[in-house]
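J.: Sending over a structure as structure tokens; questions will come in a sec.
4 protein chains.
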Amino acid sequence: MTHVFEFEIDEDAPLESLLFTFGGAEPVAAIHPGTVVVTSTRDCFAGLVRSTADVTSQVCDPRFLNPQTGPFFIEGAKPGDTVAVHFVRIEPRYSWGVSTTVPFFGALTASRDTALLHPALPELTWIYELDNEARLVHYQAVEGDLHLPLPMDPMHGTVGVAPPLGEVRSSLTPGSWGGNMDTPEMRAGSTCYLGVNVDGALLSFGDGHARQAEGETCGVAVECAMDSVIIVDLIKDTPTPWPRLENDDYLMTTGSAKPLEDAFRIAHTEMVRWVAELLSLSEMDAYQLVSQIALSPVANVCDTVYTMVCKVPKKLIGSPTAFGGVHDALRSRARGWPASG
Amino acid sequence: MTHVFEFEIDEDAPLESLLFTFGGAEPVAAIHPGTVVVTSTRDCFAGLVRSTADVTSQVCDPRFLNPQTGPFFIEGAKPGDTVAVHFVRIEPRYSWGVSTTVPFFGALTASRDTALLHPALPELTWIYELDNEARLVHYQAVEGDLHLPLPMDPMHGTVGVAPPLGEVRSSLTPGSWGGNMDTPEMRAGSTCYLGVNVDGALLSFGDGHARQAEGETCGVAVECAMDSVIIVDLIKDTPTPWPRLENDDYLMTTGSAKPLEDAFRIAHTEMVRWVAELLSLSEMDAYQLVSQIALSPVANVCDTVYTMVCKVPKKLIGSPTAFGGVHDALRSRARGWPASG
Amino acid sequence: MTHVFEFEIDEDAPLESLLFTFGGAEPVAAIHPGTVVVTSTRDCFAGLVRSTADVTSQVCDPRFLNPQTGPFFIEGAKPGDTVAVHFVRIEPRYSWGVSTTVPFFGALTASRDTALLHPALPELTWIYELDNEARLVHYQAVEGDLHLPLPMDPMHGTVGVAPPLGEVRSSLTPGSWGGNMDTPEMRAGSTCYLGVNVDGALLSFGDGHARQAEGETCGVAVECAMDSVIIVDLIKDTPTPWPRLENDDYLMTTGSAKPLEDAFRIAHTEMVRWVAELLSLSEMDAYQLVSQIALSPVANVCDTVYTMVCKVPKKLIGSPTAFGGVHDALRSRARGWPASG
Amino acid sequence: MTHVFEFEIDEDAPLESLLFTFGGAEPVAAIHPGTVVVTSTRDCFAGLVRSTADVTSQVCDPRFLNPQTGPFFIEGAKPGDTVAVHFVRIEPRYSWGVSTTVPFFGALTASRDTALLHPALPELTWIYELDNEARLVHYQAVEGDLHLPLPMDPMHGTVGVAPPLGEVRSSLTPGSWGGNMDTPEMRAGSTCYLGVNVDGALLSFGDGHARQAEGETCGVAVECAMDSVIIVDLIKDTPTPWPRLENDDYLMTTGSAKPLEDAFRIAHTEMVRWVAELLSLSEMDAYQLVSQIALSPVANVCDTVYTMVCKVPKKLIGSPTAFGGVHDALRSRARGWPASG
């Protein structure tokens, strides 16, 4: 029997009532491990940037960026456990997406931390037509005529739990609790593992992207509201220091830090230890193996700290069973669900 | 007339009841701008590390490190204002201080973010005899016999207000709200300027050091409980994006970020803009001037982000009046107060 | 008519006579643009590490690491031109490869620059059996029994020209002149574009890897001597500030710097400008487009500076012609050449 | 008896004939250890930027920046030895100095490595009147009227030897061989210790500054030609991995790397090991001691890599004798020399 929990969001809710942090908010619902959650997420601008005439810094309040859906209290989740979030379905809710440049935000501009004396780059807005059926995202230049259809590849930039040490963190920030990791690997078919820091974990997610480059270079992907279906599960007595992901082909670790090499170091030490454990290798033998087989794509180089992903092809290491096989189990349950629509 | 507010701390209070965050806690008292606050602060280990036989990672709980005194609600403080905290007196409360190495914490070790495959460095504890009268701090080697008397130079590693964006941050972290900046410039005679993010500012401070090097290299200074006297003032309608300091000789800006050059960039862009404003210079002329006169000491290279200070000698730039002259006014009030004892 | 130049290396040559720098050496031969060069490269240890009992730091002299084949003087190459190097064939010369850990070298250890107080990690050597026919590279644990066959994916870690400003750089270092970039993208079928800094360019290459992970995490790939065939071409009056690559599917830019985000910034600004030029887009429109379509794999996080690659799928942007179509022309010439053996 | 070697520079020599690298050039003279060298250095623009109307990027060729005086072959110097350079006298040669902004160079601008999409900051030139007698450097705003007299504090930005591994490095770059460290500590009265990498060491120096801030923030100090007197000595069989300095009050180590925390780590591990050796302390006891007593000023945050200094007050550690007391000996010899004129 499958528990299905439909959680509808109120798109008319005032901005002030939305969730903009990990930690620090009362849960909106309690759900049992194993529940299928059918819900939606707002876009990162809460729907306020809708045309090329809308300038982000004018129509948005910095306190109200990147609203999350949740937090959900996971019954039985305690510090030391791991929450598994399987993404069954992530579908753009409307037929448009939006990207912008934001003053002093992004990888190729002076920013709040990389503080320089330059004036801000031009602030522009791009509107993308989304064609769910054709699985296309339509790029349209704003200072020229070029139009390019790009493959749709929907994902969630943000998924996380309440942080440790009593901290409450903005939904713009990634870290050991997940948060705004902005990796395109967070697509339907993936399972995300998050270590639990507080009772009930307090899971939330959002920041849908119809697609993004590795790096989210200008700081803003093809942002859109999503209709999403996830299955939430709980792995008891198994801590996960940094978020991990799994899909049918890859085991993945993440690290979020600055400078970017520290994000790399976190992701790769985590992978070395994971591989050592799964294959009963010494740490040095696992270090050697990971050094020859890992893929190392950037997730984001724009957020308050940067995120790297380390991917190991499962079949190269004999397809070991991770986290008790929960990914395969959830994947199998997810197959009953229509992938689109 | 001087308002004096004596706020005694309860050294028998259970750890769970102490303050370990900036933001997220109810104020312990409301104080009027201009009030002299006479109070004390615990050491960063809450007094639990007392002998060379005490090992930090065994006697301390990571959730209960660096307790703060406060938060104080400053009457009338609103976002967009600046709180000025003048340190009148900072005196070690007891005749001992402590320093330690902590596994994976410090500038010269693998750490949580600079994640490497090395085992931790040895975990040791050094006890310092503090001689307030002679103004000496006694270093004693633990793996040898060397003893060296060092000048006492008491300071607070941590002073801050509630962060913006609804965040609650651990007292181990520095940032735009102040926090764990760990600069030896935060000594008696200095005024610290902090931008207000929430009503009442919610000021707290702690982490007394009998002395520390620039960098707080091993991650732990000569930690001690302090008896401290501060005067708190409010500068209305003046935002301060990053903490600034002033003493009789220097204007100072700070930046806290990683990599360390970003902390430098923040502190120096802030100083360029401050000097431009104070001397009615163009930004480029101020950039040139700061490039020839600033001192750039490191504060810490061990905390979750690193802190740099930029110092400009006031007399080199004609001793301009900053923040309406509040430092001179508070300094003058502080002179009535006994510096020691 | 195809000019073929066979350049045999003398494997008995004394170490001192080999090439360990970019710049600073007399050319070994002059070749005309368009020439097919059939040659070989030594492994990065010059063949001195041959069994699990060989310890790198004992059998190798740090002055004699990573020998290069060349330099070749490209007739007609002047500063402001670009050399195109098409890799026709890269085949392991022998049936074994080697990887090691090297004290204070690699991504997950204290290192020369990330100087910490830890002792070095254990120094170990792994020998890989290479099966050219089956296209397999055999991993064998040294502290356990695990054996894993991995796909062979031969590449050159190093290809470069003489640097600008009269510098001579070690072959261990990557930079704007190419050098030790250590990207798995430098495989047969790829064309590498290098800006010319001195008359004749002074091209050399080496550091064959039977395969490596993105990041070359432990600092050493599956190192092996190679029999390689390249076609060298010259694109006049076209500067290339940082090395670029092209294969049938991707346009690629590289950046080599520290911290790693600077390598990312270089690669991505280069790509934004390249895409703007190729598609006649404004820089901001190109910034937006690259932000949604680029792949951003790490090349190395172990060398003296780190290297990032930015990849844009050619078909997503209408398969524009870059560098006058030289890749397609060389690829077509290369098809006449046997890919293996 | 004192050997005095007067080495006059030819100010009419063509730019191409000057020295712009460490390594890669024939020595201009051989000198015996103990020799007093009386010579001059050109300013970093080779005298080409002389008025506020001179724009650096127009009047200077990037290949001909930062000319050095030397290289001098030190008789008897072998790899594994250390050269000691004592600065007896550093006096501005003319009554003017110059500073500029240079496109994409400096700490508070996009740069070659921190590659962003911003246009360059304005390019301006400031001329300083130098008053050797009054020991003043006169700042004059160029976009306003402000004039400020600043203390003269002459120093050499660049001093170094040939690098290891056969490298030849631009005089714009600092590293383990010294080079463009740009620390204000390189003033008269200081002794600089440099590890020898090639026979004769090949010492050169230049880049005089009438003064500079810690950080050399805009990338250019108050640049001027200098008349300088140095004493060169040789310490046999004593390697020095990174440049060290000593004056009457401080022992100093340096590190040059990016990110800036790596420069800090190098300087501080070097100091920990130096203090351990000088005081016969264990490494952990020295780590603790340095963590409480070091000063950590920035040298530069603008060059191709950044430089940090770590300073330990000699009297706090019992004024140990370093490098066999060579500083005191040279200082004493220098006292015979007129400090000015």
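Protein chains in written order, with the working numbering: chain A, 1 to 341; chain B, 1 to 341; chain C, 1 to 341; chain D, 1 to 341.
Glycine included, C-beta positions come from ideal geometry on N, C-alpha and C.
(1) Could you check what DSSP says for residue 261/D in three-state terms: helix, strand or coil?
(2) What's the gap between the Cα of residue 197/C and the Cα of residue 152/C?
(3) Determine the closest residue to residue 37/B out of 13/B, 89/B, 329/B, with distance taken between C-alpha atoms.
(4) What are the residues in the region 255 to 268 of chain A lying within 8 Å of chain G by C-beta distance?
(5) Can the beta-carbon of residue 275/D be found closer than 8 Å to that of residue 326/D?
(6) Since residue 118/B is in the beta strand (DSSP E), which residue starts that stretch and which ends it?
(7) By Cβ distance below 8 Å, which residues in the same chain neighbour residue 169/C in space, the five residues on each side in sequence not counted?
(8) Alpha carbon to alpha carbon, how far is residue 307/C from residue 160/B?
(9) Write down the C-beta distance between residue 264/C and residue 70/C rounded to the nearest angstrom, noting that I regard them as a contact closer than 8 Å.
(10) What residues of chain A sit near residue 110/D, judged by a beta carbon separation below 8 Å?
(11) I want to verify the contact list: residues of chain C whose CB lies under 7 Å from the CB of residue 319/A, in sequence order.
(12) Residues in its own chain within less than 6 Å of residue 79/B by CB, not counting five upstream and five downstream?
(13) Consider the Cβ of residue 124/B: report whether some Cβ of chain C lies at a distance smaller than 8 Å.
(14) Distance, Cα to Cα, residue 50/D vs residue 289/A?
(15) Whole beta strand (DSSP E) runs in the region 277 to 323 of chain B with 3 or more residues, listed along the chain?
(16) Using a Cβ cut-off of 8 Å (strictly closer), state whether residue 127/D contacts chain B.
(17) Specify the secondary structure class of residue 140/C as computed by DSSP and reduced to three states.
(18) Does the structure place the region 293 to 308 of chain D close enough to the region 287 to 302 of chain B that three or more beta carbon pairs sit under 8 Å?
(19) In terms of residues, what are the limits of the beta strand (DSSP E) holding residue 347/B?
(20) Between which residues of its own chain and residue 54/A is the CB-CB distance below 6 Å, once the five residues before and five after are set aside?
(21) Consult DSSP for residue 271/C and reduce its assignment to one of helix, strand or coil.
(22) Within the same chain, show all residues whose beta-carbon is closer than 8 Å to that of residue 341/C, passing over the 5 residues directly before and after it, in chain order.
(23) Exposed or buried, what is residue 211/A when buried is set at 16 or more other beta-carbons lying within 10 Å of its beta-carbon?
(24) Can you check whether the C-beta of residue 121/C is within less than 8 Å of a C-beta belonging to chain B?
(25) What residues in its chain sit with their C-beta under 6 Å from that of residue 135/B, if we drop five residues either side in the sequence?
(26) Taking residue 231/A as the reference, which of 83/A, 303/A, 215/A has the closest Cα?
(27) Quick check: the Cα distance between residue 62/D and residue 116/D, rounded to an integer number of angstroms?
(28) Using only the alpha-carbon positions, how far apart do residue 25/A and residue 234/A sit?
(29) In whole angstroms, what separates the C-alpha of residue 260/C from that of residue 224/C?
(30) For residue 110/D, which residues in the same chain have their Cβ closer than 7 Å to its Cβ, ignoring the five residues on either side in sequence?
(31) Should residue 32/D be labelled buried (16 or more other beta-carbon atoms within 10 Å of its own) or exposed?
(32) Could you round the C-beta distance between residue 35/A and residue 5/A to whole angstroms and report it? I think they count as a contact, below 8 Å.
(33) With 16 as the cutoff for other CB atoms within 10 Å, does residue 236/B come out buried or exposed?
(34) So, with DSSP's three-state summary, where would you put residue 91/C?
(35) With a threshold of 8 Å between beta-carbons, can residue 74/C be considered close to chain A, or not?
T.: The short version:
(1) Position 261 of the fourth sequence holds residue 261/D. The answer is helix: DSSP assigns residue 261/D an H, G or I state.
(2) On the third sequence, position 197 is the one that residue 197/C refers to. On the third sequence, position 152 is the one that residue 152/C refers to. If you take the alpha carbons of residue 197/C and residue 152/C, they lie about 34 Å apart.
(3) The residue you call residue 37/B lines up with position 37 of the second sequence. Taking only the C-alpha atoms, the option nearest residue 37/B is 89/B.
(4) Among the protein chains of the structure shown, namely A, B, C and D, there is no chain G.
(5) On the fourth sequence, position 275 is the one that residue 275/D refers to. On the fourth sequence, position 326 is the one that residue 326/D refers to. No, Cβ-Cβ distance for residue 275/D and residue 326/D is not below 8 Å.
(6) Looking up residue 118/B in the second sequence gives position 118. From DSSP, residue 118/B is part of no beta strand (DSSP E); its letter is neither H nor E.
(7) Locating residue 169/C in the third sequence gives position 169, where the first residue counts as 1. The residues are 21, 22, 23, 163, 175, 177, 179.
(8) Here residue 307/C is taken as the residue at index 307 of the third sequence, counted from 1. Here residue 160/B is taken as the residue at index 160 of the second sequence, counted from 1. So the two alpha carbons sit approximately 39 Å from each other.
(9) Counted from its first residue, the third sequence places residue 264/C at position 264. Counted from its first residue, the third sequence places residue 70/C at position 70. Beta-carbon to beta-carbon, residue 264/C and residue 70/C are separated by about 29 Å, too far to satisfy the 8 Å threshold.
(10) In the fourth sequence, residue 110/D corresponds to position 110, counting from 1. Within chain A, the residues near residue 110/D are 110, 116, 118.
(11) As a position in the first sequence, residue 319/A is number 319, starting the count at 1. Correct list: empty, because the minimum Cβ distance to chain C is about 12 Å.
(12) To locate residue 79/B, count along the second sequence from 1; it is residue 79. Only residues of its own chain outside the window of five on either side were considered, and among them 196, 197 have a CB closer than 6 Å to the CB of residue 79/B, listed in chain order.
(13) One-based indexing of the second sequence puts residue 124/B at position 124. It does not: the Cβ of residue 124/B has no partner Cβ on chain C nearer than 8 Å.
(14) The count along the fourth sequence starts at 1 and reaches residue 50/D at position 50. The count along the first sequence starts at 1 and reaches residue 289/A at position 289. Taking the straight line from one Cα to the other gives about 59 Å.
(15) 298 to 300, 306 to 313
(16) Here residue 127/D is taken as the residue at index 127 of the fourth sequence, counted from 1. No, no contact with chain B.
(17) For the purposes of this step, residue 140/C is taken as residue 140 along the third sequence, with counting starting at 1. Strand.
(18) yes
(19) The structure shown has nothing for residue 347/B, since chain B only spans 1 to 341.
(20) Your numbering for residue 54/A matches position 54 in the first sequence. So the list reads 125, once near-sequence residues are dropped.
(21) Here residue 271/C refers to the residue found at position 271 of the third sequence. In the structure shown, residue 271/C sits in a helix (DSSP, three-state: H, G or I).
(22) As a first step, residue 341/C must be located in the third sequence, where it is residue number 341. Confidence at residue 341/C is low in this model, with a pLDDT of 41, below 50, so the placement of that residue should be treated as unreliable; the coordinate-derived value is given next. The answer, listed in chain order, is 91, 132.
(23) Here the question's residue 211/A lines up with position 211 in the first sequence. Buried is the call here.
(24) As a first step, residue 121/C must be located in the third sequence, where it is residue number 121. It does; some Cβ of chain B falls within 8 Å.
(25) Taking the first residue of the second sequence as position 1, residue 135/B is located at position 135. Only 152 meet the Cβ criterion.
(26) Your numbering for residue 231/A matches position 231 in the first sequence. For residue 231/A, the nearest C-alpha among the options comes from 83/A.
(27) Taking the first residue of the fourth sequence as 1, we reach residue 62/D at position 62. Taking the first residue of the fourth sequence as 1, we reach residue 116/D at position 116. Answer to the nearest angstrom: the Cα atoms are 21 Å apart.
(28) In the first sequence, the residue the question calls residue 25/A occupies position 25. In the first sequence, the residue the question calls residue 234/A occupies position 234. Each residue's Cα considered, the two are about 21 Å apart.
(29) Residue 260/C sits at position 260 when you count from the first residue of the third sequence. Residue 224/C sits at position 224 when you count from the first residue of the third sequence. For residue 260/C and residue 224/C, the distance between alpha carbons rounds to 27 Å.
(30) Along the fourth sequence, one-based indexing puts residue 110/D at 110. Cβ neighbours of residue 110/D beyond the five flanking positions: 104, 116, 118.
(31) One-based indexing of the fourth sequence puts residue 32/D at position 32. So residue 32/D counts as exposed.
(32) Taking the first sequence and counting its residues from 1, the one referred to as residue 35/A is at position 35. Taking the first sequence and counting its residues from 1, the one referred to as residue 5/A is at position 5. Their Cβ separation, rounded to whole angstroms, is 5 Å, which keeps residue 35/A and residue 5/A in contact under 8 Å.
(33) For the purposes of this step, residue 236/B is taken as the residue at position 236 of the second sequence. When all chains shown are included, residue 236/B counts as exposed.
(34) Counted from its first residue, the third sequence places residue 91/C at position 91. Correct three-state label for residue 91/C: strand.
(35) As a position in the third sequence, residue 74/C is number 74, starting the count at 1. So no, residue 74/C is outside the interface.
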